[in-house]
Amino acid sequence: MNPPGSLGGLEEKEEEDLSTPILGPSIYSDNPQERIQARRLRIAARLEARRREALGEYLDGKKESEEDQSKSSKQKEESRLKLAKLLLCGTELVTNIQVATDIREIHRRVEEEEIKRQRLEKLENEVKTSQDKFDEITAKWEEGRQKRIPQDLWDVLSTQQVHCAALIEDKNKLISELQQELKTKDDQYVKDLKKQSDDICLLLERMEEQVKNVMKTFRQELSYIEKAFEIERQELLTSNKKKWERALQAHNAKELEYLMNRIKKVEDYEKQLNKQRIWDWEEYNMIKIKLEQDVQILEQQLQQMKATYQLNQEKLEYNFQVLKKRDEESTVIKSQQKRKINRLHDTLNNLRSKYAKQIKQFQEENQSLTSDYKRLVMQFKELQKAMRHFALIDDKQFREIWLMNEEEAKDLISRAFDVDRIIHTHHLGLPWMAPDFWFLRNVGPISQQQQKSATQILEEVLMQTEEEGTEEAASEAESYLDLPKQISAKTTRKILMLLCDESGFLIESKLLSLLLPLEKNECYLLKLDAIFSALGIESEDDLYKLVNFFLRYRVYHSPSSQEQTSLMSALEPGEKRDLEEQKEESLGEGEAEEKEHPSSPKLIHPNDVLKILEAFVMGLKKPRDSRTPVKLKHVRDDSKDSEYWEALTTVIPDTTQNLWDALYTALEKYQ
Amino acid sequence: MQETLVTPTLSVLSRSSITMQDRSSTAGQASSTGPQPSRPSVIPPPSKSKGWKSGANVRRMRRIIAEDPEWSLAIVPLLTELCIQHIVENFQNNPILKQLLPEHQQKVLNHLSPDLPLTVTANLIDDENYWRRCCMQRWPVCHVARHGGSWKRLFFERHLENLIKHFIPSTTDPAVILDLLPFCKNYVRRLRVDQFLPPVQLPLQPWNGELSDSGSEAEMEQPTGDHYQLRDLVAGLSHLEELDLVYGVKDCGMNFEWNLFLFTYQDCHSLAATIKACHTLKTFRLTRSKVDDDKARILIRSLLDHPALEELDLSHNLIGDRGARAAAKLLSHSHLRVLTLANNQVRAPGAQSLAHALAHNTNLISLNLRLNCIEDEGGQALAHALQTNKCLTTLHLGGNELSEPTATLLSQVLTVNTTLTSINLSCNHIGLDGGKQLLEGMSDNKTLLEFDLRLSDVAQESEYLIGQALCANREAARQRALNPSHFMSPITAKGPENPVG
Numbered sequence: 001m002n003p004p005g006s007l008g009g010l011e012e013k014e015e016e017d018l019s020t021p022i023l024g025p026s027i028y029s030d031n032p033q034e035r036i037q038a039r040r041l042r043i044a045a046r047l048e049a050r051r052r053e054a055l056g057e058y059l060d061g062k063k064e065s066e067e068d069q070s071k072s073s074k075q076k077e078e079s080r081l082k083l084a085k086l087l088l089c090g091t092e093l094v095t096n097i098q099v100a101t102d103i104r105e106i107h108r109r110v111e112e113e114e115i116k117r118q119r120l121e122k123l124e125n126e127v128k129t130s131q132d133k134f135d136e137i138t139a140k141w142e143e144g145r146q147k148r149i150p151q152d153l154w155d156v157l158s159t160q161q162v163h164c165a166a167l168i169e170d171k172n173k174l175i176s177e178l179q180q181e182l183k184t185k186d187d188q189y190v191k192d193l194k195k196q197s198d199d200i201c202l203l204l205e206r207m208e209e210q211v212k213n214v215m216k217t218f219r220q221e222l223s224y225i226e227k228a229f230e231i232e233r234q235e236l237l238t239s240n241k242k243k244w245e246r247a248l249q250a251h252n253a254k255e256l257e258y259l260m261n262r263i264k265k266v267e268d269y270e271k272q273l274n275k276q277r278i279w280d281w282e283e284y285n286m287i288k289i290k291l292e293q294d295v296q297i298l299e300q301q302l303q304q305m306k307a308t309y310q311l312n313q314e315k316l317e318y319n320f321q322v323l324k325k326r327d328e329e330s331t332v333i334k335s336q337q338k339r340k341i342n343r344l345h346d347t348l349n350n351l352r353s354k355y356a357k358q359i360k361q362f363q364e365e366n367q368s369l370t371s372d373y374k375r376l377v378m379q380f381k382e383l384q385k386a387m388r389h390f391a392l393i394d395d396k397q398f399r400e401i402w403l404m405n406e407e408e409a410k411d412l413i414s415r416a417f418d419v420d421r422i423i424h425t426h427h428l429g430l431p432w433m434a435p436d437f438w439f440l441r442n443v444g445p446i447s448q449q450q451q452k453s454a455t456q457i458l459e460e461v462l463m464q465t466e467e468e469g470t471e472e473a474a475s476e477a478e479s480y481l482d483l484p485k486q487i488s489a490k491t492t493r494k495i496l497m498l499l500c501d502e503s504g505f506l507i508e509s510k511l512l513s514l515l516l517p518l519e520k521n522e523c524y525l526l527k528l529d530a531i532f533s534a535l536g537i538e539s540e541d542d543l544y545k546l547v548n549f550f551l552r553y554r555v556y557h558s559p560s561s562q563e564q565t566s567l568m569s570a571l572e573p574g575e576k577r578d579l580e581e582q583k584e585e586s587l588g589e590g591e592a593e594e595k596e597h598p599s600s601p602k603l604i605h606p607n608d609v610l611k612i613l614e615a616f617v618m619g620l621k622k623p624r625d626s627r628t629p630v631k632l633k634h635v636r637d638d639s640k641d642s643e644y645w646e647a648l649t650t651v652i653p654d655t656t657q658n659l660w661d662a663l664y665t666a667l668e669k670y671q
Numbered sequence: 001m002q003e004t005l006v007t008p009t010l011s012v013l014s015r016s017s018i019t020m021q022d023r024s025s026t027a028g029q030a031s032s033t034g035p036q037p038s039r040p041s042v043i044p045p046p047s048k049s050k051g052w053k054s055g056a057n058v059r060r061m062r063r064i065i066a067e068d069p070e071w072s073l074a075i076v077p078l079l080t081e082l083c084i085q086h087i088v089e090n091f092q093n094n095p096i097l098k099q100l101l102p103e104h105q106q107k108v109l110n111h112l113s114p115d116l117p118l119t120v121t122a123n124l125i126d127d128e129n130y131w132r133r134c135c136m137q138r139w140p141v142c143h144v145a146r147h148g149g150s151w152k153r154l155f156f157e158r159h160l161e162n163l164i165k166h167f168i169p170s171t172t173d174p175a176v177i178l179d180l181l182p183f184c185k186n187y188v189r190r191l192r193v194d195q196f197l198p199p200v201q202l203p204l205q206p207w208n209g210e211l212s213d214s215g216s217e218a219e220m221e222q223p224t225g226d227h228y229q230l231r232d233l234v235a236g237l238s239h240l241e242e243l244d245l246v247y248g249v250k251d252c253g254m255n256f257e258w259n260l261f262l263f264t265y266q267d268c269h270s271l272a273a274t275i276k277a278c279h280t281l282k283t284f285r286l287t288r289s290k291v292d293d294d295k296a297r298i299l300i301r302s303l304l305d306h307p308a309l310e311e312l313d314l315s316h317n318l319i320g321d322r323g324a325r326a327a328a329k330l331l332s333h334s335h336l337r338v339l340t341l342a343n344n345q346v347r348a349p350g351a352q353s354l355a356h357a358l359a360h361n362t363n364l365i366s367l368n369l370r371l372n373c374i375e376d377e378g379g380q381a382l383a384h385a386l387q388t389n390k391c392l393t394t395l396h397l398g399g400n401e402l403s404e405p406t407a408t409l410l411s412q413v414l415t416v417n418t419t420l421t422s423i424n425l426s427c428n429h430i431g432l433d434g435g436k437q438l439l440e441g442m443s444d445n446k447t448l449l450e451f452d453l454r455l456s457d458v459a460q461e462s463e464y465l466i467g468q469a470l471c472a473n474r475e476a477a478r479q480r481a482l483n484p485s486h487f488m489s490p491i492t493a494k495g496p497e498n499p500v501g
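Heads up: the sequence lines are chains A and B, in that order.
Be aware that the first sequence starts at 1, since it is given in the UniProt record's numbering, and climbs by one per residue.
Be aware that the second sequence starts at 1, since it is given in the UniProt record's numbering, and climbs by one per residue.
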């Protein structure tokens, strides 16, 4: 048995692989015919081309070249066709082997199938027949068992043996047949192997042959094509040469013509040149003479120029020398100036340093002085404190001493009075009246009326006005003894109320909130206090000034006193004050006038209050500034002391003393 | 002039020798021999022996050489040359290539020995020249064009094929192949193994039972005939596109045994899983491997809806109608372009199922059913299918017991179809009438370029005339190929012509 699947396939595979790149030979019958035919065609084409060339030789060169080109391309096409055919045939030849193997394989398969079928049939027949035989034998066994006679039995057994042997022989025969077949198949396998190797060899041979042939034909065709190209080229070359020669001849003829023309022209030109030359010669001479003359003139000028040049040079040299000298001088001066500048710079620096030093020194001095000053101020303050302290102590001492003395004196006086009383009542029988003197009632040192502060006044005013209804006239005279007489308490109060209402802006809002729960009067009091502190009104006088100011303002602004206001506005502040004083006096005189207008404050419009206040503050400020240092110290007035003490001595009048003297003398006489 | 040139190089040399000395003195004498070969900068100059002896000598030595009239630059090779030489010598231990300048790289590559281990060179060297030398050294004949023109690819593919070819299951260590995987996985695109050796026990057993009849062998060998399993290898090859396998032994000659050519079910299953997992596979060939219907079905089932497969070749096997039916199913479930079932046992039913699939297929370009037995029924079915098919260009029906009825149908196809370029009907029984009918069909066809009718009982005359028509077609095709602008008009002119004829 052959393994067709594996080895046969292997071979075919190889064939397939090798067949593609390698090509076949060209010794085929149709090939030369083809070649002859192609050549014939080519010759015909060439003839036709030649004829055409003969006919249309003078048409144009382009067609000719096209013709030539077609010749070579024809050759190329021809070769290509031939080679394609060659290749095709070669491949066919090579693949023929494959196809042959294929068909052989198919045939083999068909045969194999047939043989297989036959073999199977045979085997089946054999099985049938042997089965029959076997059945027969088994049947005979039964038969044999019935036989009792040993001879018969032996006969039967021997026949059976013969039958069995025949059966076995048949089987063996079949087996040997099959084995024979197997052997032949093995042989065939070997043969097939050989055949395949032969085929492969053939294939290789053909391939090689084809390669060679193809190469040969390719070379040949290449040479044909080359030849065709060569011929074409040569034709082209000859035709071009012809053209070239023709062109060259024409060119030569033209060249000759040109030459002749040129010679003629040259002769003409020569003649003209000669003429021109002669003419030029003459002209040249003339110009030469003229130019020489020019040269001479110019030389003369040159000499002159040279002379002036010399002169100028000398002058310039001299100038140069002078300038040089000047330059030297200037350098000397410059150096001097520089030195001077340096010196001045030095001094400037020195001065600067000195100045800085001095600044430093003065600063130090200043510092020391300020420290001194501070120290002194401190000392001064301490001194003041001490002074105050001493003043207080002095006052106290003074008061104590005063009191002591006063007590002593009063004691003495009381004794004197007692004595006097006794004398009067007892001795004279006269009623005694204790003398009443102001100084007797006095206790302590005599002092001036203390200036009341503005608030106190206010309080008084307000309190007073409250009780106004009850004790109107009586208290007025008493409590307002120290007040300016012209202004009634009522007016003052009204003015103050107005002020209080209008100038709420001067009071702090905090204070206002605090004041809310208070009584109306107290409220006013506190408000006014705040306003006065803001306006700078401290003392009683200031208050009265303010009230006065209000009143006067009203007067000035009344239409009757229009001139005065205009006058006042024109006056200086100092004069204004005088005027005010005058006015005050006039006011004082015109008390009645005021009385006529008890409700005068009402005339002051609340809107004017601010203006009035402003004017007042402006007026108040200046005198304040100047007055403050004067007002510094309250000096005790001791003018009345001696008077007081003298008065004390004169408690007992001279008349009484005289009385006493008389009494004394009378007493002495009595005794 | 020479002196000025000499001194700087010398100073460099002396400096390097000094630094070497320092290094050696610090590292100790023992270490001086060890690490130096791996360091390229430490290549000593020829005059190193002097420099080695004492550092103080260096300066004097330099002065002497500079004044030496006989001394010339030609004696001392350039430091770069020396470095390159050293790199070449020690490439196995310390491969330095990418860091070098291109010119130096070229020099190193030119001098590298082709015997270097692949672990060093595989992923480092891309130079074609080097791999060319490697290939030339190992194999006398190399068709680099069959490996995409890449010598490196050729080397790795053939190396891997050699390893697989000589792999004996359960004797050879599988690591031999799998160790190579990381180096060759980027370069191998095609695997063409025409031999799988069976396990080593198998040849031993037949030796003992050689005298016994061959029938009993089949029972013994079935369970233990498995070949090398490609699964791990193919899974590792990320660019594999072509797999060409033959389960058989080459060059067995007269030592032929049936069991050398066994394709077991185990092999078949593992191969099916392998090709299913390999999504880059474009071409799969399994030839001469005794693949029967069941195995073919197993393989084809795994190939259904394969994303890349374009060519399937199962020629020289034992595939019957059921296998052909499976292949027909594959045609409609993949992008297969080439199907080869040559030399199998496909009969009429198989061919009919193939024809049914072919009638509406738009991918298949080539169908090869050479040396089957589809007979007229199958041939007629195929011819009917070709009347509607607009894609197939090559059809090989050689040796299929076809006769006149098929020829008549095919002649009708030839008038209608404009895509077929090559038909092979050799080794059939077309007969004289069939040949005439084919000639008639051919006269209306303008696209067919090849028509093989050898040994098919066709009259010489009709074969010749068909050949003429083919020549004309070929010429037209050539004209079309030469000037594509011209190509448009003939085909439009031809388009309406064909249905009329």
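We put the beta carbon where it would ideally sit given N, CA and C, even for glycine.
{"Check": "Going along the stretch 156-178 of chain A in order, which residues come within less than 9 Å of chain B, judged by CB to CB distance?", "Outcome": "none"}
{"Check": "Are the C-beta atoms of Asp102/A and some chain B residue less than 9 Å apart?", "Outcome": "yes"}
{"Check": "In terms of alpha-carbon separation, which member of His427/A, Lys494/A, Ile537/A and Thr655/A lies closest to Ala666/A?", "Outcome": "His427/A"}
{"Check": "State yes or no: is the beta carbon of Asp60/A nearer than 9 Å to at least one beta carbon in chain B?", "Outcome": "A caution first: Asp60/A carries a pLDDT of 48, below 50, which makes its placement in the model too unreliable to give a value."}
{"Check": "Alpha carbons only, please: which of Glu404/B, Ile96/B, Gly431/B and Glu450/B is nearest the one belonging to Leu420/B?", "Outcome": "Glu450/B"}
{"Check": "Under three-state DSSP, which class holds Leu245/B?", "Outcome": "strand"}
{"Check": "Quick one: Cα of Gln105/B to Cα of Trp139/B, how far?", "Outcome": "26 Å"}
{"Check": "Could you tell me if Ala662/A is buried or exposed, where buried requires 16 or more neighbouring beta carbons within 10 angstroms of its beta carbon?", "Outcome": "exposed"}
{"Check": "Quick one: grab the DSSP three-state call for Ala666/A.", "Outcome": "helix"}
{"Check": "Could you work out which residues of chain A lie near Leu455/B, taking near to mean beta carbons separated by less than 9 Å?", "Outcome": "Asn96, Val99, Ala100, Asp102 and Ile103"}
{"Check": "Residues of chain A with a CB under 7 Å from the CB of Cys427/B: which are they?", "Outcome": "Val99, Asp102, Ile103 and Ile106"}
{"Check": "Hey, could you find the ends of the beta strand (DSSP E) His396/B is sitting in?", "Outcome": "Thr394 to His396"}
{"Check": "On the DSSP bridge assignment, give the partners of Cys373/B in chain order.", "Outcome": "Arg347/B"}
{"Check": "For Gln437/B and Asn389/B, I'd like the C-alpha separation in whole angstroms.", "Outcome": "21 Å"}
{"Check": "Beta-carbon separation of Leu371/B and Leu358/B under 9 Å?", "Outcome": "no"}
{"Check": "Curious, which full-length alpha helix (DSSP H) runs of at least 4 residues does the stretch 112-157 of chain B contain?", "Outcome": "118-121 and 128-138"}
{"Check": "Determine, using beta carbons only, whether Ala326/B and His279/B come nearer to each other than 9 Å.", "Outcome": "no"}
{"Check": "Run down chain A in chain order and give the residues with a C-beta less than 8 Å from the C-beta of Leu371/B.", "Outcome": "Asp102, Glu105 and Ile106"}
{"Check": "Which parts of the stretch 367-452 of chain A are runs of the alpha helix (DSSP H), unbroken and 4 residues or longer, counting only runs that do not cross its ends?", "Outcome": "438-441"}
{"Check": "Can a CB atom of chain A be found closer than 9 Å to the CB of Gly434/B?", "Outcome": "no"}
{"Check": "Of all the residues that make up the stretch 374-402 of chain B, which are near chain A by a beta-carbon distance shorter than 7 Å?", "Outcome": "Gly398 and Gly399"}
{"Check": "How far does the beta strand (DSSP E) with Asp452/B in it reach, from first residue to last?", "Outcome": "Glu450 to Asp452"}
{"Check": "Kindly indicate if chain A contains any beta-carbon less than 9 Å away from that of Asp452/B.", "Outcome": "yes"}
{"Check": "For Thr283/B, which three-state DSSP category applies?", "Outcome": "strand"}
{"Check": "Output yes if chain D places a C-beta closer than 9 Å to the C-beta of Arg474/B; else output no.", "Outcome": "Absent from the structure is chain D; the protein chains it does hold are A and B."}
{"Check": "Alpha carbon to alpha carbon, how far is Leu409/B from Ser422/B?", "Outcome": "16 Å"}
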